[in-house]
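K.L.:
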Amino acid sequence: AGPHSPPARTPRESDACSCVGGWPTLEEAVRKAPAAVIARVVAQGLSTKGTGTAYVDVKVLDSLKGPKLGATIRVWDIMVGSSCDSGLGTLGTNSIVAFSLQRDPPLDRAFQEAMGIAVRPGDYSLSACGEYYRPMESEAVARQWASQVRKRGKDSK
Numbered sequence: 006a007g008p009h010s011p012p013a014r015t016p017r018e019s020d021a022c023s024c025v026g027g028w029p030t031l032e033e034a035v036r037k038a039p040a041a042v043i044a045r046v047v048a049q050g051l052s053t054k055g056t057g058t059a060y061v062d063v064k065v066l067d068s069l070k071g072p073k074l075g076a077t078i079r080v081w082d083i084m085v086g087s088s089c090d091s092g093l094g095t096l097g098t099n100s101i102v103a104f105s106l107q108r109d110p111p112l113d114r115a116f117q118e119a120m121g122i123a124v125r126p127g128d129y130s131l132s133a134c135g136e137y138y139r140p141m142e143s144e145a146v147a148r149q150w151a152s153q154v155r156k157r158g159k160d161s162k
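Heads up: the sequence shown runs through residues 6 to 162, numbered per our numbering.
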């Protein structure tokens, strides 16, 4: 590395998240997901590595599929701090959000430790490479969106 060499890059800058194939919209993701909800953010939790918001706890206001109405569930960004981070930190407490959720097989301990996460049995996660959540302006807007998604689902059967 000479005087005119570019500065060294951090792993986050140089290891860009690579996505192959289509980038699903939230509506497309909901159709294929095992769980989908409209929920209110009640809490956030940070990665133990200090790399960002690793999870949000949310109260289910409407369940398109999966969790029961009124349940409080934990939604993980299992790629927190990487270039594939989903950006959960942008969701403030009391935000109303539509989520398309996954139920992942248990992640090995080494991966969880490396990412600074602690996914528990029964928790949900977000996929990478697509729109898997969308903040909503209000509960009314969220319920209207959910109604449209349900209608489109019935029309496509």
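Glycine included, each C-beta is placed from N, C-alpha and C at the ideal position. Bear in mind that the values here come from a model prediction, so they are computed numbers and not experimental data.
Assuming the contact rule is C-beta atoms closer than 8 Å, VAL46 and VAL61 should be a hit. Round their C-beta distance to whole Å, please.
P.N.:
Here residue 46 refers to the residue found at position 41 when the sequence shown is read from its first residue. Here residue 61 refers to the residue found at position 56 when the sequence shown is read from its first residue. At roughly 5 Å, the Cβ-Cβ gap stays under 8 Å, so VAL46 and VAL61 are in contact.
K.L.:
Would you mind reading off the limits of the beta strand (DSSP E) that contains GLY50?
P.N.:
On the sequence shown, position 45 is the one that residue 50 refers to. Where GLY50 is concerned, the enclosing beta strand (DSSP E) stretches over 40-51.
K.L.:
VAL25 to GLU136, Cα distance in whole Å?
P.N.:
Residue mapping note: residue 25 aligns to position 20 of the sequence shown, counting from 1. Residue mapping note: residue 136 aligns to position 131 of the sequence shown, counting from 1. Approximately 14 Å, taken between the alpha carbons.
K.L.:
What did DSSP end up calling TRP150 once you bin it into helix, strand or coil?
P.N.:
As a working mapping, residue 150 is identified with position 145 in the sequence shown. Correct three-state label for TRP150: helix.
K.L.:
Report yes or no: do the stretch 105-114 and the stretch 37-46 share at least 3 C-beta pairs separated by less than 8 Å?
P.N.:
Yes, they touch.
K.L.:
Where does ARG155 fall in DSSP's three states?
P.N.:
Along the sequence shown, read from residue 1 onward, the residue named residue 155 stands at position 150. In this structure, ARG155 counts as helix in the three-state DSSP scheme.
K.L.:
Cβ of MET141 within 8 Å of any heavy atom in the ligand ATP?
P.N.:
Of the ligands one can find in the structure shown there are none, so the ligand ATP has no counterpart to examine.
K.L.:
So, helix, strand or coil for LYS54, using DSSP?
P.N.:
Position 49 of the sequence shown, counting from 1, holds the residue named residue 54. LYS54 falls in the coil class under three-state DSSP.
K.L.:
Enumerated in chain order, which unbroken segments of the alpha helix (DSSP H) with a length of 4 residues or greater are wholly contained in the stretch 70-149?
P.N.:
List check, alpha helix (DSSP H) in window: 114-120.
K.L.:
What residue does the alpha helix (DSSP H) around VAL35 start on, and which one ends it?
P.N.:
Residue 35 sits at position 30 when you count from the first residue of the sequence shown. Segment 31-37, the alpha helix (DSSP H) holding VAL35.
K.L.:
Classify VAL146: buried if its beta carbon has 16 or more other beta carbons within 10 angstroms, exposed otherwise.
P.N.:
In the sequence shown, residue 146 corresponds to position 141, counting from 1. Result: exposed.
K.L.:
Does the stretch 76-90 come into contact with the stretch 52-66, if we say contact requires no fewer than three beta-carbon pairs (one atom in each stretch) closer than 8 Å?
P.N.:
Contact between the stretch 76-90 and the stretch 52-66 is present, because at least three Cβ pairs lie under 8 Å.
K.L.:
Ordered along the chain, which non-local residues of its own chain (more than five positions away) have a Cβ less than 6 Å from that of GLN49?
P.N.:
By 1-based counting over the sequence shown, the position of residue 49 is 44. Once the five neighbours on either side are set aside, the close Cβ partners of GLN49 are THR58 and VAL61.
K.L.:
Under 6 Å Cβ to Cβ from CYS22, same chain only, skipping five residues before and after it: list those, please.
P.N.:
Start at 1 with the first residue of the sequence shown, and residue 22 comes out as number 17. Closer than 6 Å at Cβ, skipping near neighbours: SER88 and CYS89.
K.L.:
Note down the Cα distance separating LEU131 from LEU93, rounded to an integer number of angstroms.
P.N.:
Your numbering for residue 131 matches position 126 in the sequence shown. Your numbering for residue 93 matches position 88 in the sequence shown. Cα-Cα distance, rounded: 10 Å.
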